[in-house]
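Each residue of the sequence shown is one higher than the one before, starting from -12 at the first, in the numbering used here.
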Amino acid sequence: MTVRKLNQEERDTWTSALDGWDMADGRDAIEKTFEFGDFVEAWGFMSRVAILAEKADHHPEWFNVYNRVEITLTTHDADPDNGGALSKRDVELANAIDALG
Ligand code: HBI
């Protein structure tokens, strides 16, 4: 199913309301880094995010080293030729991730 990229008004309102997510350099994507007490806590977080992603059919690009998890969200289907574009799915998943606590 195609999903459209956010327009400027949506970007100004929705992404600015996100907690701690920044625009990625050179990509139409948002990113946030999470730090945990150790690797097991980080992995547990990733497991919970994985379940959210499967339920949403919307998946993160992420990197983990030890207690740090770096998450980048973009919607590949919204602009496949340019590595993706921000859609409402990214905002929704970012908020759901932040709600994990
Ligand atoms: N995840 N981030 C992201 N972007 C997508 O476009 C996307 C996805 N997960 C699944 C998905 N698209 C499917 O809808 C398509 O692969 C069929």
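All C-beta atoms, glycine included, are put in the ideal place defined by N, C-alpha and C.
Proximity test, residue i beta-carbon vs the ligand HBI heavy atom, cut-off 7 Å
| i | result |
| --- | --- |
| Asp15 | no |
| Thr2 | no |
| Thr59 | no |
| Thr62 | yes |
| Asp68 | no |
| Asp44 | yes |
| Gly24 | no |
Start-to-end residues for the alpha helix (DSSP H) that takes in residue i
| i | result |
| --- | --- |
| Phe23 | From DSSP, Phe23 is part of no alpha helix (DSSP H); its letter is neither H nor E. |
| Thr0 | Gln(-5) to Trp1 |
| Val78 | Lys75 to Asp85 |
Inter-residue Cα distance where the pair is residue i and residue j
| i | j | result |
| --- | --- | --- |
| Gly13 | Ala72 | 11 Å |
| Phe50 | Trp8 | 15 Å |
| Ala86 | Trp30 | 17 Å |
| Asn54 | Val27 | 8 Å |
| Leu(-7) | Leu80 | 14 Å |
| Glu(-3) | Met33 | 28 Å |
| Thr(-11) | Asp64 | 6 Å |
Delimiting residues of the beta strand (DSSP E) encompassing residue i
| i | result |
| --- | --- |
| Asn51 | Glu48 to Val52 |
| Val56 | Arg55 to Leu60 |
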